[in-house]
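Taken in order, the sequence shown gives residues 2 to 66; the numbers are from the working numbering. Virtual Cβ for every residue (Gly too), placed ideally from N, Cα, C. What follows is one structure encoded as C-alpha cells, with my remarks underneath.
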Amino acid sequence: MAKPRLACRECHYINDPDANVCESCGATTLTEDWAGYVVITHPEESEIAEEMNVNEPGGYALKVR
C-alpha cells in the first residue's frame with residue numbers, strides 16, 4: 002500500500018510521503034490529515050491561487066488540519 006502524501010500546514014503544498022521539510026516553503030509542519038486537492042499550473046492567472054496565496058505551480062491541499 003502506498004504511503005499518504007503530506008500537506009504543509011503553512012502553505013498547503015503537497016509533498017512526497019518521505020519528506021521531512023516542505024519542498025515549497027521549507028516548513029517542517031507536514032501532516033497526513035488533509036482533504037481536497039487542486040493543481041495550480043499558472044498561479045499568476047488563477048483566482049484560486051490568489052485566494053490561497055500561492056505563487057508557485059504545483060499541487061495544493063484545500064483543507065489542512
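Nearest to residue i (by Cα), restricted to the options the options
| i | options | result |
| --- | --- | --- |
| S25 | G60, V65, E51, K64 | G60 |
| H43 | G37, E57, Y14, T30 | E57 |
| G27 | H13, E48, A62 | H13 |
| P18 | V55, R10, L31 | L31 |
| A36 | L63, E11, E48 | L63 |
Sheet register partners of residue i (DSSP bridge)
| i | result |
| --- | --- |
| L7 | N16 |
| G59 | I41 |
| C36 | Note on identity: in this sequence residue 36 is Ala, with Cys being the wrong assignment. In the DSSP output, where bridge partners are listed per residue, A36 has K64. |
Whole-angstrom C-beta distance between residue j and residue i, which should lie under 8 angstroms
| i | j | result |
| --- | --- | --- |
| P5 | E33 | 5 angstroms |
Cβ neighbour criterion (16 or more within 10 Å) applied to residue i
| i | result |
| --- | --- |
| V40 | exposed |
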